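Undergrad:
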Amino acid sequence: METGSSTASVRRRRTPLLRQLVRSPKALIGAIMLLVIVLAAILAPWIVPHDPTAQDITSTLLPPAWMANGNGSYLLGTDVLGRDILSRTIYGARASLLIGAVSVLIASVIGVTIGVIGGFFGGWVEDVMLRIADMQLAIPYILLAILLSAVIGPSVLTVIIVLGITRWVVYARITRGEVLSLKERDFVRAAVGLGARRSRIILRHLLPNLISAILVVATIEVSLVILAEASLSFLGLGVQPPTPTWGTMLGDGRDYLATAWWLSVFPGVALMLAILSLNMLGDWLRDTLDPGLKVDG
Amino acid sequence: MTSALPTDTPLVTVSDLRVHYPIGQRLFGKQAAVVRAVDGVSLTIRRGETLSLVGESGCGKSTTGRAILQLERPTAGSVVFDGTELTTLTAEPLRRMRRRMQMIFQDPYASLDPRMTVGESIAEPLAIHGLAKGAAQAARVDELLGLVGLSPRWAGRYPGEFSGGQRQRIGIARALAAEPDLIVADEAVSALDVSIQAQIVNLLEDLQADLGLTFLFIAHDLAVVSHVSDRVAVMYLGKIVELADGDELYQRPLHPYTVALLSAVPLPDPVVEARRQRIILTGDLPSPLAPPSGCRFRTRCWLRARLGNPENCVTEEPALRVVEENRQVACHWSAALADHVGTPTTSGGTT
Numbered sequence: 004m005e006t007g008s009s010t011a012s013v014r015r016r017r018t019p020l021l022r023q024l025v026r027s028p029k030a031l032i033g034a035i036m037l038l039v040i041v042l043a044a045i046l047a048p049w050i051v052p053h054d055p056t057a058q059d060i061t062s063t064l065l066p067p068a069w070m071a072n073g074n075g076s077y078l079l080g081t082d083v084l085g086r087d088i089l090s091r092t093i094y095g096a097r098a099s100l101l102i103g104a105v106s107v108l109i110a111s112v113i114g115v116t117i118g119v120i121g122g123f124f125g126g127w128v129e130d131v132m133l134r135i136a137d138m139q140l141a142i143p144y145i146l147l148a149i150l151l152s153a154v155i156g157p158s159v160l161t162v163i164i165v166l167g168i169t170r171w172v173v174y175a176r177i178t179r180g181e182v183l184s185l186k187e188r189d190f191v192r193a194a195v196g197l198g199a200r201r202s203r204i205i206l207r208h209l210l211p212n213l214i215s216a217i218l219v220v221a222t223i224e225v226s227l228v229i230l231a232e233a234s235l236s237f238l239g240l241g242v243q244p245p246t247p248t249w250g251t252m253l254g255d256g257r258d259y260l261a262t263a264w265w266l267s268v269f270p271g272v273a274l275m276l277a278i279l280s281l282n283m284l285g286d287w288l289r290d291t292l293d294p295g296l297k298v299d300g
Numbered sequence: 045m046t047s048a049l050p051t052d053t054p055l056v057t058v059s060d061l062r063v064h065y066p067i068g069q070r071l072f073g074k075q076a077a078v079v080r081a082v083d084g085v086s087l088t089i090r091r092g093e094t095l096s097l098v099g100e101s102g103c104g105k106s107t108t109g110r111a112i113l114q115l116e117r118p119t120a121g122s123v124v125f126d127g128t129e130l131t132t133l134t135a136e137p138l139r140r141m142r143r144r145m146q147m148i149f150q151d152p153y154a155s156l157d158p159r160m161t162v163g164e165s166i167a168e169p170l171a172i173h174g175l176a177k178g179a180a181q182a183a184r185v186d187e188l189l190g191l192v193g194l195s196p197r198w199a200g201r202y203p204g205e206f207s208g209g210q211r212q213r214i215g216i217a218r219a220l221a222a223e224p225d226l227i228v229a230d231e232a233v234s235a236l237d238v239s240i241q242a243q244i245v246n247l248l249e250d251l252q253a254d255l256g257l258t259f260l261f262i263a264h265d266l267a268v269v270s271h272v273s274d275r276v277a278v279m280y281l282g283k284i285v286e287l288a289d290g291d292e293l294y295q296r297p298l299h300p301y302t303v304a305l306l307s308a309v310p311l312p313d314p315v316v317e318a319r320r321q322r323i324i325l326t327g328d329l330p331s332p333l334a335p336p337s338g339c340r341f342r343t344r345c346w347l348r349a350r351l352g353n354p355e356n357c358v359t360e361e362p363a364l365r366v367v368e369e370n371r372q373v374a375c376h377w378s379a380a381l382a383d384h385v386g387t388p389t390t391s392g393g394t395t
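Going down the list, the sequences are from chains A and B.
Here the first sequence is numbered in this note's numbering, starting from 4 and rising by one per residue.
Here the second sequence is numbered in this note's numbering, starting from 45 and rising by one per residue.
1. Pull up the distance between the alpha-carbon of G256(B) and that of M147(B), whole angstroms please.
2. Looking at C-alpha atoms only, which residue of L147(A), R91(A), G126(A), E187(A) is the closest neighbour of L274(A)?
3. Between I60(A) and the rest of its own chain, which residues show a CB-CB distance below 6 Å, the 5 nearest in sequence each way excluded?
4. Excluding sequence positions up to five away, which residues of its chain have a Cβ less than 6 Å from the Cβ of G167(A)?
5. Hey, out of A199(B), R91(B), S96(B), P152(B), whose CA is closest to E286(B)'s CA?
6. Taking the beta strand (DSSP E) that K283(B) falls in, what are its first and last residues?
7. Are the region 287-294 of chain A and the region 203-223 of chain A touching, with three or more C-beta to C-beta distances below 8 Å?
8. Beta-carbon of A193(A) versus every beta-carbon of chain B: anything under 8 Å?
9. Mind reading off the beta-carbon distance from H299(B) to V278(B)? Whole number of angstroms is fine, and I expect it under 8 Å.
10. Counting only beta-carbon separations shorter than 8 Å, does R140(B) have a partner in chain A?
11. What number of angstroms, rounded off, separates the C-alpha of C357(B) from the C-alpha of I67(B)?
12. If you measure beta-carbon to beta-carbon, which residues of the region 85-97 of chain B are closer than 7 Å to chain A?
13. Compute the Euclidean distance between the alpha carbons of D126(B) and R143(B), then round it to the nearest angstrom.
14. Quick check: the region 219-230 of chain A against the region 124-143 of chain A, are at least 3 beta-carbon pairs closer than 8 Å?
15. In the DSSP output, which residue or residues are listed as bridge partners for F261(B)?
16. Give me the residue from R22(A), A153(A), A43(A) with the minimum Cα distance to L240(A).
17. According to DSSP, T128(B) sits in a beta bridge with which residue or residues?
18. If you drop the 5 nearest sequence neighbours on each side, which residues of the same chain put their C-beta closer than 8 Å to that of L276(A)?
19. Given a limit of 7 Å on CB to CB distance, which residues of the region 170-181 of chain B reach chain A?
20. Per DSSP, what are the beta-bridge partners of L87(B) in this structure?
21. Which of the residues in the region 196-220 of chain A, read from start to end, lie with their CB under 8 Å from any CB of chain B?
22. Assuming contact is defined by CB atoms lying nearer than 8 Å, are P332(B) and R80(B) in contact in what I supplied?
23. Between R159(B) and chain A, is any beta-carbon pair separated by less than 8 Å?
24. So, does the CB of D189(A) fall closer than 8 Å to a CB anywhere in chain B?
25. Could you give the distance in angstroms between the alpha-carbon of I229(A) and the alpha-carbon of I163(A)?
26. Chain A beta carbons: is any one of them nearer than 8 Å to that of A308(B)?
27. Anything in chain A within Cβ reach of S155(B), meaning under 7 Å, just list it in chain order.
28. Looking only at its chain, what residues have a beta carbon closer than 6 Å to the beta carbon of L78(A), apart from the 5 residues adjacent to it on each side?
29. Given that a residue counts as buried once 16 or more other Cβ atoms are within 10 Å of its Cβ, and exposed if not, what is D130(A)?
30. Which residues bound the beta strand (DSSP E) around A277(B)?
31. Does the distance from the CB of Y104(B) to the CB of V124(B) come in under 8 Å?
32. Can L325(B) and A349(B) be called in contact, C-beta distance under 8 Å?
33. Which residues, in chain order, does the region 104-129 of chain B contribute to contact with chain A at a C-beta distance below 8 Å?
34. Express the C-alpha separation of G33(A) and L279(A) in angstroms, rounding to a whole number.
35. Let me confirm a value: F259(B) is counted as buried when at least 16 other C-beta atoms fall within 10 Å, else exposed. Which label applies?
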């Protein structure tokens, strides 16, 4: 273990996060995968072999290059309109990752805030919070999406807003439950006894102890949100064609699963890899942030 | 310490403290039942003394401790701390008052935030009350760690890396950080190994001598308490049954419950220990939902059985009365107790 100097050591002794990451093979693989996907999304205009929206009527539904009838210029095949699957998958990462990351962030911030307040203050505040959560669950998010699309028009931003403000309930519920149990714990009572203000108790004691639970939910939610985007876009309420997203590609390919599997399999694999890498990284982050679980070596 | 009042006034005066918990649903304003966890406790804690509060599990001793610190708001009664009534204090003045009264918890595994380093935990009272910042804060943390016998080098570690005894020391360091007048130690050693218990008790005693602290020491074990207490209050079912100077209480208990508790303490002398007579109380503690009428201890009282079940134990609740200087006892028959203590008995409270 580290032998820090005796002064100014009140702050946490922390091995740089990056060095810890390199020590864990699972997290490292996850991080590299995610990095590749994110880089591909950012660098998409420079690395794609074709324009993702360019149609080629003469070569529709071409299978991947290594199969019979495959065309070397369309590595992963083409779709109904003859658009390059590889280029579309790479471009699809842009909208999908953006929507996944930003709406999960918005939803978790809203949910955790509401959950902490409800759980911590209890009483009627908690009752109101639970009723609002029930109401939120009772209103289909599609309805809100229709409303928003009508007002500001369908776009990536619309999808982010709709998913961001409708998917907070799960965070609020989990947070409230955790807060209810945390506030009965001795260390929270001890903080009250020390004379800590409520804000301090929430920020310094409750939130850091909530992170594990929230991270687990958030990593699952990213995948659900990416899929929810597909349904919204499928209904014409989200990202507009021809802009590719993984969700819309999956939806478009569904009708051709028996004849042209590559339409949905490749965006599906991309989605799976993104979520897998997120989960691997999320697991590691959760364990690393929990000092109780940290074992030497 | 900082008080303008004369030093012979008690630091804490508790009068008729009650903590009741309603349980069950209120239906049309009707209350189903009330748990009388603390039911009329009065005591004083003198400056610089150690007052021990003993009793079996569920007697309300921890609740009393928490109610004194206003961690549990009392249902009724008053707690005067150095001239200030705490029960009516609003949030902000109470919060500032908390600097002067601290608590040490029973379970050292639960009382430290697992996500704060030891240094951060100890520095918390300093930060909360704006007592020290930056380098001064770090220096004070080092000093406190040294004071409780831990290495200042460990300030950057997490509680998970320490043993129970070490964590309790950390908890003590945190309680000391703001230089409080009163420390309530709620079963501070009962979760620890016996060998560690002695270390912690000695540490507390040393700290008291060095820092002039006043302790309320809550315990279920008279053996532990005997080393540290100036005075001892014995609680039974939400009430104090006997309050006396430590030595007096040990040598000449005046309440049958105290006698029974003392008979359970093993003695270090093997010859005396072999002759030690145990009074084993039968039955469980009665429910605080519906305490027995009259004397609350009567259902398990061995003395009452020997006296032929006198009627006034059932009809009349014995008040905590002053029987001698510095001695209070709540028993109708405490005068008759002396005749029955020491007489051979295999078990009391039967029949």
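Beta carbons: idealized from backbone N, C-alpha and C, even for Gly.
Fair warning: this is a prediction, and the values are worked out from it, not measured in the lab.
TA: In terms of the structure at hand:
1. The straight-line gap from Cα to Cα measures roughly 16 Å.
2. If we check each option's Cα against that of L274(A), R91(A) comes out closest.
3. The beta carbon of I60(A) lies closer than 6 Å to those of G85 in the same chain, with the five residues before and after it left out.
4. If we look at G167(A) and ignore the five residues flanking it on each side, its Cβ neighbours are S106, I109, A110.
5. Closest by alpha carbon: S96(B).
6. Annotation: the continuous beta strand (DSSP E) that includes K283(B) extends over 283-289.
7. Yes, the region 287-294 of chain A touches the region 203-223 of chain A.
8. With a threshold of 8 Å between beta carbons, A193(A) makes contact with chain B.
9. About 7 Å separates the two Cβ atoms, so the contact holds.
10. Cβ-Cβ to chain A under 8 Å: yes for R140(B).
11. Going by the C-alpha atoms only, they are around 29 Å apart.
12. Residues of the region 85-97 of chain B whose Cβ lies closer than 7 Å to any Cβ of chain A: none.
13. Near 13 Å, if we compare the C-alpha coordinates of R143(B) and D126(B).
14. No, the region 124-143 of chain A is not in contact with the region 219-230 of chain A.
15. S96(B), A229(B), per the DSSP bridge assignment.
16. Of the candidates R22(A), A153(A), A43(A), A153(A) places its Cα closest to the Cα of L240(A).
17. Beta-bridge analysis with DSSP links T128(B) to F125(B).
18. Cβ within range, chain order: M36, I40.
19. The residues in question are I172, H173, A179, Q181.
20. In the DSSP output, where bridge partners are listed per residue, L87(B) has V58(B).
21. Of all residues in the region 196-220 of chain A, the ones placed with a Cβ closer than 8 Å to any Cβ belonging to chain B are G196, L197, G198, A199, R200, R203, R207, H208, P211, N212, in chain order.
22. It is a contact, given that the beta carbons lie within the stated cut-off.
23. Chain A contact via Cβ: present.
24. Put simply, the CB of D189(A) is near chain B, with a gap under 8 Å to one of its CB atoms.
25. The alpha-carbon atoms of I229(A) and I163(A) are separated by roughly 10 Å.
26. Chain A contact via Cβ: absent.
27. What S155(B) touches in chain A, judged by beta-carbon distance under 7 Å, is D189, F190, A193, going in chain order.
28. Cβ within range, chain order: A68, L89.
29. Result: exposed.
30. From DSSP, the beta strand (DSSP E) with A277(B) extends over 275-280.
31. The question names Tyr, but residue 104(B) is Gly in the sequence shown. Going by C-beta atoms, G104(B) is not nearer than 8 Å to V124(B).
32. Taking 8 Å as the Cβ cut-off, L325(B) and A349(B) do not qualify as a contacting pair.
33. For the region 104-129 of chain B, residues whose beta-carbon sits nearer than 8 Å to a beta-carbon of chain A comprise L113, L115.
34. Going by the C-alpha atoms only, they are around 7 Å apart.
35. The residue in question, F259(B), is buried, as its Cβ has 16 or more Cβ neighbours within 10 Å.
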